[in-house]
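What follows is a single structure, written as structure tokens, with notes after it.
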Amino acid sequence: IVPEGTTMEGAFLVADDIMDASETRRGQACWYKHPDEQLNAINDGILLESHIYTILKRHCGSSPLYIHLLELFHETTLQTALGQYLDLATAEPDRVDFGRFSMRTYSNIVIYKTAFYTFYLPVALAMRIAGITDEALYATARRICIMMGEYFQVQDDFLDCYGDPAVIGKVGTDIYDNKCSWLINTALPLCDARQRGVLEANYARHDPVCEARVKAVYDELKLRERFHAYEEATYKELNELIASVRGMPPTIFTNLLKRIYKRKK
31 IVPEGTTMEG AFLVADDIMD ASETRRGQAC WYKHPDEQLN AINDGILLES HIYTILKRHC
91 GSSPLYIHLL ELFHETTLQT ALGQYLDLAT AEPDRVDFGR FSMRTYSNIV IYKTAFYTFY
151 LPVALAMRIA GITDEALYAT ARRICIMMGE YFQVQDDFLD CYGDPAVIGK VGTDIYDNKC
211 SWLINTALPL CDARQRGVLE ANYARHDPVC EARVKAVYDE LKLRERFHAY EEATYKELNE
271 LIASVRGMPP TIFTNLLKRI YKRKK
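Mind the numbering: the sequence shown is residues 31 to 295 in our numbering, read in order.
And the structure:
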């Protein structure tokens with residue numbers, strides 16, 4: 031996984047925290063929350079992204095790989111921005127509209143917002159640098175990384191609701207923020223009329239009592255158990271896909287999967 035603090039990761043997270051009005055990131059105040067930063071953080075995010083291309087040109091500008099690497103970064107930036115747009119468009123702070131939510135919409139959000147830059151970008155960059163040119167291998171890597179990225183975001187959504195803030199480094203706000211999360215999209219097709227009424231009346235209300243009512247419906251629908259079943263099924267499918275990889279060491283995928291399987295933060 032691209033570590034937080036790298037230029038692309040940093041640029042996206044600085045912007046994401048501002049747009050989500052987040053308070054903390056990995057146990058510390060978000061960058062824009064620092065008194066001497068505030069909305070200057072928007073420009074800091076632009077500077078971080080600009081440095082990607084400065085560094086890339088400095089170290090790879092004379093390499094035949096330069097154009098491939100450049101295109102990967104540009105493509106990934108666009109994909110992530112599209113995912114962020116979908117996320118924001120379904121999470122209006124003052125309007126709860128479950129008609130905008132669906133598992134298909136959720137998948138598109140997380141694939142574009144998370145999977146490409148967190149998983150596929152570093153893998154594809156490594157493949158280019160290693161001299162791999164077989165486009166079928168890139169397609170296989172993309173499929174594995176997209177599934178891994180979606181799994182990673184589903185974990186994030188689960189931890190936002192059920193994780194320990196002292197461990198994950200932030201207080202979950204998805205229910206407050208009207209997020210089109212895995213939990214709400216799993217719950218809506220399962221709930222009866224009463225349960226749906228509770229969700230509609232209490233989702234995105236910025237009230238701990240309302241949040242507790244939403245979580246109570248989640249518990250009634252056994253979303254913890256459903257998440258763990260999803261996690262095991264996805265882990266099994268990913269291992270089967272990774273085992274089919276030919277033409278490059280599959281360890282790049284197995285090592286990534288080991289790092290995120292059953293993670294707690």
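All residues carry an ideal CB built from backbone N, CA and C; glycine is no exception.
Identify whether residue i lies in helix, strand or coil by the three-state DSSP scheme.
i    : result
F68  : In the sequence as presented, Phe is not what sits at residue 68; that position holds Gln. Note: Q68 maps to coil in three-state DSSP.
T144 : helix
C60  : coil
T216 : helix
T120 : coil
R276 : coil
R55  : strand
Y291 : coil
I82  : helix
I162 : coil
V153 : helix
K87  : helix
F128 : helix
S137 : helix
T284 : helix
What residue range is occupied by the uninterrupted alpha helix (DSSP H) comprising residue i?
i    : result
L271 : 253 to 273
A223 : 223 to 232
Y168 : 165 to 192
G40  : 37 to 50
T203 : No alpha helix (DSSP H) contains T203, which DSSP labels as neither H nor E.
L95  : First-last for L95: undefined, no H or E at that position.
C240 : 238 to 250
R235 : First-last for R235: undefined, no H or E at that position.
Keeping to the same chain, check which residues put their C-beta closer than 8 angstroms to that of residue i; ignore five residues upstream and five downstream.
i    : result
V32  : Note that V32 scores a pLDDT of 35, beneath 50, so its modelled location is shaky; the value from the coordinates is reported in the next line. M38, E39, Y147, T148, L151, P152.
L137 : According to the sequence provided, residue 137 is Ser. The question's Leu does not apply to it. These residues qualify, in order along the chain: E180.
D74  : V44, W61, E67
Closest to residue i by C-alpha separation, out of the options, would be which residue?
i    : options                : result
Q183 : A223, A156, D222, I141 : I141
G161 : D194, H98, F131, S211  : H98
D187 : Y260, A171, D124       : Y260
V247 : H258, R134, N232       : N232
N208 : A51, E267, L78         : A51
A273 : A171, V44, D204, I176  : A171
C240 : G129, L100, V228       : V228
Between residue i and the rest of its own chain, which residues show a CB-CB distance below 7 angstroms, the 5 nearest in sequence each way excluded?
i    : result
K245 : C191
L155 : L99, L102
Quick check on residue i: buried or exposed, where buried means 16 or more other Cβ atoms within 10 Å of its Cβ?
i    : result
G35  : At G35, the pLDDT of 43 sits below 50, so the modelled position is not reliable and the matter cannot be decided from this model.
D237 : exposed
T144 : buried
S80  : exposed
D222 : exposed
I159 : exposed
Q185 : buried
S92  : exposed
A121 : buried
I76  : exposed
L95  : exposed
Y83  : exposed
N215 : buried
D127 : exposed
Leaving aside the five residues before and after residue i along the sequence, list all residues of the same chain whose C-beta is less than 6 angstroms from its C-beta, in chain order.
i    : result
T264 : Y181
I174 : L271, F283
P195 : V201
V197 : K294, K295
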